[in-house]
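Asks: Residue numbers (our numbering): 282 to 390. Okay, here's the structure, questions in a sec.
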Amino acid sequence: MICDLSNGTHLTDKLKLNDGNGDTYIFDKVAKKYFVKVKNGTLDVPEKLLWHRKNITAEDCAKKCFSEKNCLSFEINKENRKCYLSKETAAASKKIKSAKDRDYYQRVK
Numbered sequence: 282m283i284c285d286l287s288n289g290t291h292l293t294d295k296l297k298l299n300d301g302n303g304d305t306y307i308f309d310k311v312a313k314k315y316f317v318k319v320k321n322g323t324l325d326v327p328e329k330l331l332w333h334r335k336n337i338t339a340e341d342c343a344k345k346c347f348s349e350k351n352c353l354s355f356e357i358n359k360e361n362r363k364c365y366l367s368k369e370t371a372a373a374s375k376k377i378k379s380a381k382d383r384d385y386y387q388r389v390k
């Protein structure tokens with residue numbers, strides 16, 4: 282039995298499907314595994330941090346939030362694809378509201 286160690290994880294996107302010479306491990310995407318999505322929702326708090334990147338995906342925003350110690354939720358602006366990180370959650374603040382241009386994601390793990 283051989284054990285190959287790697288610094289690649291599901292967060293670094295360094296894992297590749299193997300060519301049949303061993304076990305294949307499939308990791309769920311970070312956004313789906315660690316966050317719950319509220320479609321057309323926004324957290325109505327002023328303490329959100331804009332992560333200055335354009336055309337970002339929900340998966341990239343989830344990875345950024347997951348890598349930040351205090352990030353508990355994030356939002357994606359669906360029109361300009363900007364990512365907003367927050368140390369607040371809808372569960373704690375009870376300040377979620379409807380917003381057609383946003384999707385809200387709250388960390389669950």
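C-beta atoms are modelled at their ideal positions from N, C-alpha and C, and glycine is treated no differently. Bear in mind the structure is a predicted one, so any value in this text is a computation, not a measurement.
So what does DSSP say about C223, is it helix, strand or coil?
Replies: In this structure the chain extends from 282 to 390, so residue 223 is not present and cannot be described.
Asks: What are the residues that DSSP puts in a beta bridge with R388?
Replies: F316, per the DSSP bridge assignment.
Asks: Go ahead and pull the three-state DSSP assignment for K378.
Replies: If DSSP states are grouped into helix, strand and coil, K378 belongs with the strands.
Asks: Under the rule that 16 or more other beta-carbon atoms within 10 Å means buried, what is V389, buried or exposed?
Replies: Looking at its Cβ environment, which holds fewer than 16 other Cβ atoms inside 10 Å, V389 is exposed.
Asks: Only counting the same chain, and skipping five residues up and downstream in sequence, which positions put a Cβ closer than 7 Å to that of K376?
Replies: Taken in chain order, the residues that qualify are L324, D325 and V326.
Asks: What do you get for A371, buried or exposed, if any count of 16 or more other CB atoms within 10 angstroms of its CB means buried?
Replies: Buried is the call here.
Asks: Should A339 be labelled buried (16 or more other beta-carbon atoms within 10 Å of its own) or exposed?
Replies: So A339 ends up on the buried side.
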